[in-house]
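Residue numbers (this note's numbering): 1 to 718. One structure is given below, encoded as structure tokens.
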Amino acid sequence: MSETKTRKPWSVRKIMLVRSALVFAIAVIFGGWIWISAAKLQFGNEEFSAEEMQRNTRKVVVEAVRGNIYANDGSLLATSVPRYDLVMDAKVQGCPSDTFAKYIDSFCLLLAQLQDRPYWKLRDSERKSQQQWKEYLYNLRNRGIHYRILLKNLGFDQVKEIREWPLVRLGKYKGGLWFIEDSQRMYFLGDLAKRAIGYSRNGVYVGLEGAFDSLLSGVNGERMEQRMPGRIWRPIKLDNLQEPMNGHDIVTTLDVGIQDIAQFALNKALVTSQAAYGCAVVMEVKTGEIKAMANLKRGTDGQYYESQNYAVDQYGEPGSTFKLFSVLSLLEDGYAKAQDSIKVGNGSARFYDRDMIDDHAPDKPYMTLKEAFIKSSNVGISKFVNNAYGEKANKFVGRAIDMGLGESMGFDIPSRNAPRIKTTTSKDWYGTSLPWMSIGYESQISPLQTLTLYNAVANGGVMMKPYLVKEIRQDGRIIRQQEPTILNKQICSQNTVDLLTSMMIGVVQEGTAQSLKNPDYLVAGKTGTAKVSDGHNGYKPGAYNASFCGFFPADNPQYSIVVVISEPRGGNYYGGTVAAPVFKDIADRIYSSHIANQPALHMAALPSAPQILSGRMEPTKLLLNELGISSTTQGSVKGGWISATALEHSVSLTSLAPLQPGIMPELRGMGLRDALELLNTLGAQVDFMGYGRISTQSLPAGSRISKGQSVTLVLKPF
1 MSETKTRKPW SVRKIMLVRS ALVFAIAVIF GGWIWISAAK LQFGNEEFSA EEMQRNTRKV
61 VVEAVRGNIY ANDGSLLATS VPRYDLVMDA KVQGCPSDTF AKYIDSFCLL LAQLQDRPYW
121 KLRDSERKSQ QQWKEYLYNL RNRGIHYRIL LKNLGFDQVK EIREWPLVRL GKYKGGLWFI
181 EDSQRMYFLG DLAKRAIGYS RNGVYVGLEG AFDSLLSGVN GERMEQRMPG RIWRPIKLDN
241 LQEPMNGHDI VTTLDVGIQD IAQFALNKAL VTSQAAYGCA VVMEVKTGEI KAMANLKRGT
301 DGQYYESQNY AVDQYGEPGS TFKLFSVLSL LEDGYAKAQD SIKVGNGSAR FYDRDMIDDH
361 APDKPYMTLK EAFIKSSNVG ISKFVNNAYG EKANKFVGRA IDMGLGESMG FDIPSRNAPR
421 IKTTTSKDWY GTSLPWMSIG YESQISPLQT LTLYNAVANG GVMMKPYLVK EIRQDGRIIR
481 QQEPTILNKQ ICSQNTVDLL TSMMIGVVQE GTAQSLKNPD YLVAGKTGTA KVSDGHNGYK
541 PGAYNASFCG FFPADNPQYS IVVVISEPRG GNYYGGTVAA PVFKDIADRI YSSHIANQPA
601 LHMAALPSAP QILSGRMEPT KLLLNELGIS STTQGSVKGG WISATALEHS VSLTSLAPLQ
661 PGIMPELRGM GLRDALELLN TLGAQVDFMG YGRISTQSLP AGSRISKGQS VTLVLKPF
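Here it is as structure tokens:
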């Protein structure tokens, strides 16, 4: 009988040891796998590492803040301000249906009440009733829309208020509402110097904004963000990424007061003459600083807007203002003296195959050079020049080129076009070119170049470079400063300067610009009237450019001004009657408020600012201009209505909220006529008592008003 061996069962201790060993082995294997994977991620598998990095991190562009643009006194002309959009994720996971239903009514009520706030400037799509908002938001939620902008272009104060609203205060991941930030460029002068300061047109900056875009825009930075649970991205700091470098600030030479004066005077003349466009530039004689640059063009609605920089960009035939150069050449080269005379006959002369005719027949058959200039005789000037330079036209042309009239001056705002002074080697040089060049035809120069020439005479023969930017700053530090630059140390002798100044004074005292005569200060300048070119078709029938260029006070020149009015209507197109009055309006206002060391008589005569009623902007500014009172406009004026605040010798104008249908406007401070115009537009029934300006209105501003509703106005004296 065989003997069987019996196996002893495992003890509990042995079983526990085996299990522990097994768990330990699994842990070691798993841990080793993790370490190997980590090592591969860090060192071994670059492709896998890049894939993980791309999935969980992202590189974000951090935009630099665009620099500011300032006037010469430090007042802000242009800046970038943060603007915000209110965005909603209607399907956010952290906001269950019961929470959404709990707060949606009150949230929609607050949205609907924004219509009653005239300063919020809502879009049409943002004007909804409480019920319309509720239906709209529920529709977004039912459709699972994760991103929809509810309100656009909000300011900081508006955002601060909305953050306290229901749903919004729950936060992005519980309420589904948050704000996205962007920057918006703001211009504080409205249309004043708009084309010189610049703006964005189809994404491209023009004016100073465009010329200095690389400096103003700064350098964008980069930031890495890491994905966190709940679709949250948080910034992570890496040393190899670049911080944004904010844009530089620009300080201009513009004087806000002079700019306002120039633009208003130009606009008034354009409206009166119904001209196509015009420009006016004011330059400081000693430095070349541009104090004002106004450019206005008639729009399709008949109003005038700053849409093109004609002063810099419009190269054309200057007309009789170019006669200053012709006389300068004759005097400087010794070919004629001021009292030399020439036969002008009945005001007609033939050069080769063309006839030149004076606009006004001379009152005697002979004229001196000075008389020909003062009376703006085309025949007289062209005969003097043709007799002197007929066999050496290159000398006449060469002086213009040496003076810089044939090339761009490197102005701060570049031009798309270029000047042209025709030479004897030009393909289109004819036997008639010299006499016609002498009176301002067959050459292409800009109004700014004409002003630079006249300014040189005012400055004793020293030609200064015109400039608009005097400082560039970074974080408040001046990193570049523009000093006055001399283009030509002496364009002519002092004797020639004195003779030219005397002749230009004669133009005002007894010649074609006698409307500029005044007992307070002397003006020196020259009128210009030129036909408007129509390219290969010759000249536009009945179309002229009227111009005046000069400086004041003539005995101590401080400012030079050029004015060009293009294609005035109504038969009045002469420089002396269309452009010269603009010069006078500008010069009178500047003389009253900006020229130092005036006689006491003029300072005492400066009118103190009266109390001005709130109302329409254009009649108000017209009245102030006629009274000789300077005014400045604070910000842009929308809707054409302003309130006025009297300062010591000027008036500050501030925009009133545009009229909105069904909303009662602010009438206090207005006269009865303007108030009635507004209320009639709203269909209100008006009762009033008293006289003067409106002090009380029965319905507060911002209230709802319906057609036929009665409104009572109380007026009180000033």
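The beta carbon of each residue, even a glycine, is placed where N, CA and C say it ideally should be.
Along the segment 649 to 686, the beta strand (DSSP E) occurs as fully enclosed runs of 3 or more residues at 650 to 655, listed in sequence order. Its Cα nearest to that of residue 714, the residue 671 stands out among 680, 671 and 684. In this structure, residue 69 lies away from residue 258, with their beta-carbon atoms at least 8 Å apart.
In this structure, residue 66 and residue 75 do not form a Cβ contact; the two beta carbons are roughly 18 Å apart against a cut-off of 8 Å. Spatial neighbours of residue 547 in its own chain (CB-CB distance under 6 Å, excluding positions within 5 residues in sequence) are listed in chain order as 321, 528, 564, 575 and 579. In this structure, residue 211 lies away from residue 472, with their beta-carbon atoms at least 8 Å apart.
Nearest in C-alpha terms to residue 148, of all of 137, 330 and 336, is 137.
Around the Cβ of residue 158, a 10 Å sphere holds 16 or more other Cβ atoms; the residue is buried. For residue 296, the enclosing beta strand (DSSP E) stretches over residues 290 to 298. Separation of the CB atoms of residue 543 and residue 319 is rounded to 13 Å, and the pair is thereby denied contact status at 8 Å. Counting C-beta pairs with one atom in each stretch, the segment 652 to 669 and the segment 117 to 124 have three or more that are closer than 8 Å, which means they touch. Short of 8 Å from the beta carbon of residue 348, and not among the five residues preceding or following it, lie these beta carbons of its own chain, in chain order: 355, 356, 357, 358 and 379. Under the criterion of beta carbons closer than 8 Å, residue 327 and residue 369 qualify as touching, at roughly 7 Å. Only residues of its own chain outside the window of five on either side were considered, and among them 395, 396 and 434 have a CB closer than 7 Å to the CB of residue 389, listed in chain order. For residue 108, the uninterrupted alpha helix (DSSP H) segment begins and ends at 97 to 113. Measuring C-alpha to C-alpha distances from residue 58 to each of 489, 254, 430 and 225 identifies 225 as the nearest.
Taking 8 Å as the cut-off, the Cβ atoms of residue 550 and residue 532 do not count as close. Every beta strand (DSSP E) stretch that sits fully inside the segment 136 to 180 and reaches 3 residues is listed by chain position as 148 to 154. Going by DSSP, residue 564 is part of the beta strand (DSSP E) stretching over 559 to 566.
As for any alpha helix (DSSP H) of minimum length 4 sitting wholly inside the segment 271 to 350, the runs are 310 to 313 and 323 to 332, ordered along the chain.
Burial check for residue 156: the Cβ neighbour count within 10 Å stays below 16, so the residue is exposed.
DSSP places residue 572 outside both helix and strand once states are collapsed to three, so it counts as coil. Straight-line spacing of the CA atoms in residue 198 and residue 309 works out to 10 Å. According to DSSP, residue pairing for residue 366 in a beta bridge involves 343.
Contact between residue 418 and residue 408 is confirmed by a C-beta separation of about 6 Å, below the 8 Å threshold. DSSP, reduced to helix, strand and coil, places residue 381 within a helical segment of the structure shown. Rounded to the nearest whole angstrom, the CA to CA distance from residue 260 to residue 192 is 7 Å. By the beta-carbon neighbour count (other beta carbons within 10 angstroms, threshold 16), residue 248 is buried. Short of 6 Å from the beta carbon of residue 324, and not among the five residues preceding or following it, lie these beta carbons of its own chain, in chain order: 526.
For residue 396, the enclosing alpha helix (DSSP H) begins and ends at 393 to 402. The beta carbons of residue 254 and residue 291 sit about 7 Å from each other, so the pair counts as a contact at 8 Å.
One thing to note: residue 331 has its Cβ within 8 Å of the Cβ of residue 496.
Judged by DSSP secondary structure, residue 552 falls within the beta strand (DSSP E) whose first and last residues are 539 to 552. In the three-state DSSP reduction, residue 82 falls in the strand class (E or B). Taking C-beta atoms under 8 Å as the contact rule, residue 697 and residue 678 fail to qualify, at a distance of about 11 Å. In the structure shown, residue 455 falls within a helical segment according to DSSP collapsed to helix, strand and coil.
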